[in-house]
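Q:
Residue numbers (this note's numbering): 1 to 178.
1) With three or more beta-carbon pairs closer than 8 Å as the criterion, would you say the segment 151 to 167 touches the segment 14 to 30?
2) Any chance the CB of residue 97 is under 6 Å from a heavy atom of the ligand GDP?
3) Return the first residue and the last residue of the alpha helix (DSSP H) that residue 83 is part of.
4) With a Cβ-Cβ cutoff of 7 Å, do residue 33 and residue 102 count as a contact?
5) Evaluate residue 17 with the Cβ neighbour count: other Cβ atoms within 10 Å of its Cβ, from every protein chain shown; 16 or more gives buried, anything less gives exposed.
6) Within the chosen definition, does the segment 105 to 123 reach the segment 72 to 89 through at least 3 CB pairs nearer than 8 Å?
7) For the alpha helix (DSSP H) containing residue 149, list its first residue and its last residue.
8) According to DSSP, is residue 97 part of a helix, a strand, or is it coil?
9) Measure the C-alpha to C-alpha separation of residue 113 and residue 37 and round it to an integer number of angstroms.
10) Is the distance from the Cβ of residue 98 to the Cβ of residue 123 below 7 Å?
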């Protein structure tokens, strides 16, 4: 089975997008359900920043400057703190995670981070497996040559992609806890 739409296999951004978009279906076949907790947290922080900015604008339009200086100072401080929190969350907590999944029926979570380096057709994948309630954490870094999962016409071969991830997942399962 291949993807419905061909891509330019010489374009790293297109390769990255196509491979990242296929991750949910691959992990669904591995019995994982997508978790949106990181995305939800990032959205809450972002919406909070927008609310603070909107409230500041509203106060500026409705009241005289003398009446709202203290409130504006508080809102600017809140905006700064929320922006700093957003930056910290993006930089250190989320750090390039493109997929988070929870295995059905267990407390196991998997975090998938992907990237391309130096515009080479090597898809760098980092898998982090955690079990809630236990302090077990397993990590695996792997490289996928994209010509193994795309044909010459630019179609993603989903079965080959799934097989590669299945092999990596098996390696991760056999690793000892770190």
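Using N, Cα and C, we set each Cβ at its ideal position, and we do this for glycine too.
A: Once the coordinates are examined:
1) yes
2) Ligands are entirely absent from the displayed structure, and the ligand GDP is therefore not among its contents.
3) For the purposes of this step, residue 83 is identified with residue 83 of the chain shown, where counting begins at 1. Its alpha helix (DSSP H) spans residues 65 to 88.
4) Position 33 of the chain shown holds residue 33. Position 102 of the chain shown holds residue 102. Contact: yes.
5) Along the chain shown, one-based indexing puts residue 17 at 17. Under this definition residue 17 is an exposed residue.
6) no
7) Position 149 of the chain shown, counting from 1, holds the residue named residue 149. Note, residue 149: premise wrong, no alpha helix (DSSP H); not H, not E.
8) Here residue 97 corresponds to residue number 97 of the chain shown, with the count starting at 1. It is a strand residue.
9) Mapped onto the chain shown, residue 113 falls at position 113. Mapped onto the chain shown, residue 37 falls at position 37. Looking at the two C-alpha atoms, the distance is approximately 16 Å.
10) As a working mapping, residue 98 is identified with position 98 in the chain shown. As a working mapping, residue 123 is identified with position 123 in the chain shown. No, Cβ-Cβ distance for residue 98 and residue 123 is not below 7 Å.
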